[in-house]
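See structure below.
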Amino acid sequence: SLVVLFGATAGAYGAKLGSDERELILLVWQVVDLHSKKVGTLHKSLVKADNLDLSDQCREVSGLTPEGLGKAEPLDRVLQQFSQLVSSDLKVLGRSSYTLCSDGQLLIRQVLHPETSKKNFLLSDCFYSFYDLRKEFHTCYPSSAAVKDQTIKTMAEYLGLGTDEAEEDFGVWQVKTMVAIIFSMLSEGCNHVFTEPETVKYKYETGPWIKAYFGFFFFFSFLCSSKSETVDSETVIRARGLPWQSSDQDIARFFKGLNIAKGGVALCLNSQGRRNGEALVRFVNSEQRDLALERHKHHMGSRYIEVYKATGEEFLKIAGGTSNEVAQFLSKENQVIIRMRGLPFTATQEDVLGFLGPDCPVTGGKEGLLFVKYPDGRPTGDAFVLFSCEEYAQNALKKHKEILGKRYIELFRSTAAEVQQVLNRYMSTPLIPTLPTPIIPVIPPPYTIATGSIRDCVRLRGLPYTAGIDDILEFMGDATGDIKPHGVHMVLNQQGRPSGDAFIQMKSADKAFMVAQKCHKKMMKDRYVEVFQCSGEEMNFVLMGGTLNRSGLSPPPCKLPCLSPPAYAAFQTAAVIPAEAAALYQPQALLPTTRTPQASAAAPPTVTYYPAQAAQLYMNYTAYYPSPPVSPTTVGYIAAPPGAVAAAATATHTPILPQPGALVRMQGLPYNTGMKEILSFFQGYQYAPDDYNGLIQLSDQARSVLQAPKEWVCL
Numbered sequence: 001s002l003v004v005l006f007g008a009t010a011g012a013y014g015a016k017l018g019s020d021e022r023e024l025i026l027l028v029w030q031v032v033d034l035h036s037k038k039v040g041t042l043h044k045s046l047v048k049a050d051n052l053d054l055s056d057q058c059r060e061v062s063g064l065t066p067e068g069l070g071k072a073e074p075l076d077r078v079l080q081q082f083s084q085l086v087s088s089d090l091k092v093l094g095r096s097s098y099t100l101c102s103d104g105q106l107l108i109r110q111v112l113h114p115e116t117s118k119k120n121f122l123l124s125d126c127f128y129s130f131y132d133l134r135k136e137f138h139t140c141y142p143s144s145a146a147v148k149d150q151t152i153k154t155m156a157e158y159l160g161l162g163t164d165e166a167e168e169d170f171g172v173w174q175v176k177t178m179v180a181i182i183f184s185m186l187s188e189g190c191n192h193v194f195t196e197p198e199t200v201k202y203k204y205e206t207g208p209w210i211k212a213y214f215g216f217f218f219f220f221s222f223l224c225s226s227k228s229e230t231v232d233s234e235t236v237i238r239a240r241g242l243p244w245q246s247s248d249q250d251i252a253r254f255f256k257g258l259n260i261a262k263g264g265v266a267l268c269l270n271s272q273g274r275r276n277g278e279a280l281v282r283f284v285n286s287e288q289r290d291l292a293l294e295r296h297k298h299h300m301g302s303r304y305i306e307v308y309k310a311t312g313e314e315f316l317k318i319a320g321g322t323s324n325e326v327a328q329f330l331s332k333e334n335q336v337i338i339r340m341r342g343l344p345f346t347a348t349q350e351d352v353l354g355f356l357g358p359d360c361p362v363t364g365g366k367e368g369l370l371f372v373k374y375p376d377g378r379p380t381g382d383a384f385v386l387f388s389c390e391e392y393a394q395n396a397l398k399k400h401k402e403i404l405g406k407r408y409i410e411l412f413r414s415t416a417a418e419v420q421q422v423l424n425r426y427m428s429t430p431l432i433p434t435l436p437t438p439i440i441p442v443i444p445p446p447y448t449i450a451t452g453s454i455r456d457c458v459r460l461r462g463l464p465y466t467a468g469i470d471d472i473l474e475f476m477g478d479a480t481g482d483i484k485p486h487g488v489h490m491v492l493n494q495q496g497r498p499s500g501d502a503f504i505q506m507k508s509a510d511k512a513f514m515v516a517q518k519c520h521k522k523m524m525k526d527r528y529v530e531v532f533q534c535s536g537e538e539m540n541f542v543l544m545g546g547t548l549n550r551s552g553l554s555p556p557p558c559k560l561p562c563l564s565p566p567a568y569a570a571f572q573t574a575a576v577i578p579a580e581a582a583a584l585y586q587p588q589a590l591l592p593t594t595r596t597p598q599a600s601a602a603a604p605p606t607v608t609y610y611p612a613q614a615a616q617l618y619m620n621y622t623a624y625y626p627s628p629p630v631s632p633t634t635v636g637y638i639a640a641p642p643g644a645v646a647a648a649a650t651a652t653h654t655p656i657l658p659q660p661g662a663l664v665r666m667q668g669l670p671y672n673t674g675m676k677e678i679l680s681f682f683q684g685y686q687y688a689p690d691d692y693n694g695l696i697q698l699s700d701q702a703r704s705v706l707q708a709p710k711e712w713v714c715l
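In UniProt numbering, the protein residues as written are 1 to 715.
Shown next as structure tokens:
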């Protein structure tokens, strides 16, 4: 038997059903006996939503009113009535089992499952298997329209069914027409058989995403080579804006109703190994991925989550494994993974097992523990633990911030992808980090960031976060021709994402004034953009990390060069890029003399060589007109040949170190550390030939610049 089901929400209708998170307000259903071709009673039930504010489309199409819905039952009671009435109708027809049949997938996957998940009650088993009438119709009639273009009306017109939608109540006509379509498919000419229903996964399956084909050996081999495997890019999305404490199960709950591939949730980590609020999610097919994209800006708690397309390469980069140890650790199926952070470096397996105690036994004892180590075997203070069930994992999480030795231990839910990311990150860390090769800007020297009080620049505020160079040029219109070469500067935030601000250098102050007058509060996409005239000095302040508001300029957090992020150069001259990283190559810059703005403006421009890795940490602008649109994290810099470095240093009178990696910064020194202790610490290594002169103890002023209690720099 089939139960033909139709529903509507308080918001969008048709192809956008469920895309706006609006609640269900109507359910209509009827039982159909496929063998005897008999039907049960047609039932229509209104559902009382928490928010009775109906959209205009809903009012027009359904004819329902908030007053009528206010007298209805809530969703949980309506679903109870649904089960009781279906069972009664089946008994009358002499049947005992049934499968749902709906018009497409949206009602089941995008409305019922997400809403019941948010309201914390379970759907009955019948809602985890259903027939998609559109797919069944296309299978029965291959010459009909594509599945995505089908509707109840187009299917009825294809069969020549003479039904008048205006004669029936909303929902009743849809169910009656669906039943008529099913009977046509069962006729002697077609003899269609309903055999393969759509399924909804009961729960997300954790574990490594690669399949265990023929036992552990093949699983082991595939996992270790998973970086070279391929993942269909049409099945992957990127979720952004996640709460930092969210787990893979929380993400699976956000996508409730959609089938995520096994191990398909990969939480992304930042450079410090902590979650950055993003995740890559891999679905079983492209159809599920497309439905996931419709949940863009749906809510997880009080936060809305952005959902974008991603590539298989991005997923592999996060979820792919390279370690045999990880493969063996993750070979156990259906385990709950907990991450422990902050372990004493001397902690042993016995210490961890004793800390967890008998209430949360670890799967396999010591085999269920994985300590994270550096390539030389030193512990990092992280470990991963396997538990066989949710109860044991919950008991372990209750020990969050309890003491082991003299340290408190943090415990978090984790995933197989996070295990691989953390292991890959630490195992790829060099034993002795060195400075990257000096780099030079691709931008020609004449195109520099201007300084001064001439108001020949404009600031764009409130840009859409998706806006690129082309959008800005289109927004500027005819004034595009008055932009200086390389004069468009996109401002990024500390996470490297667009901040909604941009600065544009115009050819004159008059041109800047005209643009500000013409484009102020003009629309770009769905947002209006504010345009203000400003000076090069004001632009520089913002690009270097300061703020520009109604009360004037607020300087960057640090007015002097600084080695640790966030770093800014408040006395920047007409350099191509921020000069704070020059301290890595110019030791005397650590103790700069006080400069006045006038003296700074008169100083000759210098070329700063900036390490490639640091460029992404310090720079907050990366796009230059008329260069083509680029990714916000793309920086147009290339490695400099040794000859170019020497020539540039000679031309600008900027001394550089004799070789990359000659400068070492020490951080976290005891307050009573002296020169003798530092020399002893570096025993066996060759330092500057001037011996003690190679050590620079920082003054109080310079120490505040470096934002550390006490630091040394060794040459």
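Even glycine gets a Cβ: it sits at the ideal position worked out from N, Cα and C.
Exercise. Considering Glu677, what are the terminal residues of the beta strand (DSSP E) in which it resides?
Worked result: Here residue 677 is taken as the residue at index 677 of the sequence shown, counted from 1. Glu677 -> not in any beta strand (DSSP E); alpha helix (DSSP H) instead, spanning Met675 to Phe681.
Problem set entry | Rounded distance between the beta-carbons of Val385 and Leu316, thought under 8 Å | Start at 1 with the first residue of the sequence shown, and residue 316 comes out as number 316. Start at 1 with the first residue of the sequence shown, and residue 385 comes out as number 385. 26 Å between Cβ atoms; not a contact.
For this session: Mind listing, in chain order, the continuous alpha helix (DSSP H) runs of no fewer than 4 residues lying wholly within the stretch 163–204?
Result: 172–185
Exercise. In its own chain, which residues sit with a C-beta less than 8 Å from the C-beta of Leu112, not counting the 5 before and 5 after it?
Worked result: Numbered from its first residue, the sequence shown carries residue 112 at position 112. Closer than 8 Å at Cβ, skipping near neighbours: Gly7, Leu24, Leu123, Phe127 and Gly257.
Exercise. Secondary structure at Ser554, three-state DSSP: helix, strand or coil?
Worked result: As a first step, residue 554 must be located in the sequence shown, where it is residue number 554. Only weak support is given to the placement of Ser554: the predicted model assigns it a pLDDT of 49, under 50, and the value that follows is read from those uncertain coordinates. Here Ser554 sits in strand by DSSP.
Problem set entry | When His299, Ala239 and Ile182 are compared against Arg275, the one with the closest alpha-carbon | One-based indexing of the sequence shown puts residue 275 at position 275. The residue with the shortest Cα to Cα distance from Arg275 is Ala239.
Exercise. What is the DSSP secondary structure of Ile504, counted as helix, strand or coil?
Worked result: For the purposes of this step, residue 504 is taken as the residue at position 504 of the sequence shown. In this structure, Ile504 counts as strand in the three-state DSSP scheme.
Exercise. Taking buried to mean at least 16 other C-beta atoms within 10 Å of its own C-beta, is Ile318 buried or exposed?
Worked result: Indexing the sequence shown from 1 puts residue 318 at position 318. Its Cβ being crowded by 16 or more others within 10 Å, Ile318 is buried.
Exercise. Is the Cβ-Cβ distance between Phe283 and Ile305 less than 7 Å?
Worked result: Residue 283 sits at position 283 when you count from the first residue of the sequence shown. Residue 305 sits at position 305 when you count from the first residue of the sequence shown. Going by C-beta atoms, Phe283 is not nearer than 7 Å to Ile305.
Problem set entry | Coil, strand or helix - Ser55 by DSSP | In the sequence shown, residue 55 corresponds to position 55, counting from 1. It is coil, neither helix nor strand.
Exercise. Which word fits Asn74, buried or exposed, when buried means at least 16 other C-beta atoms lie within 10 angstroms of its C-beta?
Worked result: In the sequence shown, residue 74 corresponds to position 74, counting from 1. The identity of residue 74 in the sequence shown is Pro, whereas the question assumes Asn. Flag for Pro74 reads exposed.
For this session: Could you please give the first and the last residue of the uninterrupted beta strand (DSSP E) stretch that includes His113?
Result: The count along the sequence shown starts at 1 and reaches residue 113 at position 113. Careful: His113 lies outside any beta strand (DSSP E), inside the alpha helix (DSSP H) at His113 to Lys118.
For this session: Would you mind working out which of Thr177, Gly171, Lys91 and Leu90 sits nearest Leu133, comparing C-alpha positions?
Result: The count along the sequence shown starts at 1 and reaches residue 133 at position 133. Comparing Cα-Cα distances from Leu133 to each of Thr177, Gly171, Lys91 and Leu90, the minimum goes to Thr177.
Exercise. Thinking C-beta only, is Ala145 closer than 7 Å to Leu161?
Worked result: The sequence position of residue 161 within the sequence shown is 161, counting from 1. The sequence position of residue 145 within the sequence shown is 145, counting from 1. Contact: no.
For this session: Quickly, what does DSSP pair Met490 with across the bridge? List them, please.
Result: Counted from its first residue, the sequence shown places residue 490 at position 490. Its beta-bridge partners are Ala502.
Exercise. Could you give the residue range of the alpha helix (DSSP H) that holds Thr139?
Worked result: One-based indexing of the sequence shown puts residue 139 at position 139. Per DSSP, Thr139 belongs to the alpha helix (DSSP H) from Leu133 to Cys140.
Problem set entry | Assigned exposure category for Asp169 - 16 Cβ within 10 Å defines buried | Position 169 of the sequence shown, counting from 1, holds the residue named residue 169. Per the 10 Å Cβ criterion, exposed.
Exercise. In the DSSP assignment, what residue or residues form a beta bridge with Ile483?
Worked result: As a working note, residue 483 is residue 483 in the sequence shown. Per DSSP, Met506.
For this session: Identify whether Ala516 lies in helix, strand or coil by the three-state DSSP scheme.
Result: As a working mapping, residue 516 is identified with position 516 in the sequence shown. Looking at Ala516 - three-state DSSP - the assignment turns out to be helix.
Exercise. If we call anything under 7 Å between Cβ atoms a contact, is Val372 one with Tyr308?
Worked result: If you number the sequence shown from 1, residue 372 lands on position 372. If you number the sequence shown from 1, residue 308 lands on position 308. For Val372 and Tyr308, no; Cβs fall outside 7 Å.
Problem set entry | Val47 and Gln30 closer than 7 Å at C-beta | Counted from its first residue, the sequence shown places residue 47 at position 47. Counted from its first residue, the sequence shown places residue 30 at position 30. Taking 7 Å as the Cβ cut-off, Val47 and Gln30 do not qualify as a contacting pair.
Exercise. Gln667 by DSSP, collapsed to three states: which one?
Worked result: Start at 1 with the first residue of the sequence shown, and residue 667 comes out as number 667. Coil at Gln667, not helix or strand.
For this session: Mind checking which residues open and close the alpha helix (DSSP H) that includes Leu395?
Result: Within the sequence shown, numbered from 1, the residue matching residue 395 stands at position 395. Position check: residue 395 holds Asn in this sequence, whereas Leu was assumed. It spans Glu390 to Leu397 - the alpha helix (DSSP H) in which Asn395 sits, taken as one unbroken run.
For this session: Would you be able to state if there are at least three C-beta pairs under 8 Å between the stretch 56–69 and the stretch 97–108?
Result: no
Exercise. In three-state terms, what does DSSP make of Val281?
Worked result: Numbered from its first residue, the sequence shown carries residue 281 at position 281. In this structure, Val281 counts as strand in the three-state DSSP scheme.
Exercise. How many angstroms separate the CA atom of Arg77 from the CA atom of Asp89?
Worked result: The residue given as residue 77 occupies position 77 in the sequence shown. The residue given as residue 89 occupies position 89 in the sequence shown. Answer to the nearest angstrom: the Cα atoms are 18 Å apart.
Exercise. Between which two residues does the beta strand (DSSP E) harbouring Val78 extend?
Worked result: The count along the sequence shown starts at 1 and reaches residue 78 at position 78. It is not in any beta strand (DSSP E) - Val78 instead sits in the alpha helix (DSSP H) that spans Leu75 to Leu93.
For this session: Tell me, please, which residues DSSP counts as bridged to Val39.
Result: Residue mapping note: residue 39 aligns to position 39 of the sequence shown, counting from 1. According to DSSP, Val39 bridges with Val32.
Problem set entry | Glu314, enclosing beta strand (DSSP E) - first and last residue | As a position in the sequence shown, residue 314 is number 314, starting the count at 1. Unbroken run through Glu314 is the alpha helix (DSSP H), Gly312 to Ala319; no beta strand (DSSP E).
Problem set entry | Enclosing alpha helix (DSSP H) for Phe345 [first to last residue] | Indexing the sequence shown from 1 puts residue 345 at position 345. That residue, Phe345, is in no alpha helix (DSSP H); it is neither H nor E in DSSP.
Problem set entry | C-beta contact flag for Ala10 and Leu42 at 7 Å | In the sequence shown, counting from the first residue as 1, residue 10 sits at position 10. In the sequence shown, counting from the first residue as 1, residue 42 sits at position 42. Not closer than 7 Å, so no.
Exercise. Rounded to a whole number of angstroms, what is the C-alpha to C-alpha distance between Thr16 and Ala479?
Worked result: Looking up residue 16 in the sequence shown gives position 16. Looking up residue 479 in the sequence shown gives position 479. Sequence inspection shows Lys at residue 16; the Thr mentioned does not correspond to that position. So the alpha carbons of these two residues sit roughly 39 Å apart.
Problem set entry | Classification of Trp244 by the beta-carbon crowding that lies within 10 angstroms, buried from 16 upward | Start at 1 with the first residue of the sequence shown, and residue 244 comes out as number 244. Answer is exposed; the Cβ neighbour count stays below 16.
Problem set entry | Reference Gly14, options Ser414, Ala166, Lys153 and Val86, closest by Cα | Numbered from 1 along the sequence shown, position 14 holds the residue referred to as residue 14. Considering only alpha carbons, the answer is Lys153.
Exercise. Can you tell me whether Pro114 is buried or exposed, with buried defined as 16 or more other CB within 10 angstroms of its CB?
Worked result: Position 114 of the sequence shown holds residue 114. Label assigned to Pro114: buried.
Problem set entry | Rounded distance between the beta-carbons of His520 and Phe503, thought under 8 Å | In the sequence shown, counting from the first residue as 1, residue 503 sits at position 503. In the sequence shown, counting from the first residue as 1, residue 520 sits at position 520. Contact flag wrong, Cβ pair sits at about 15 Å.
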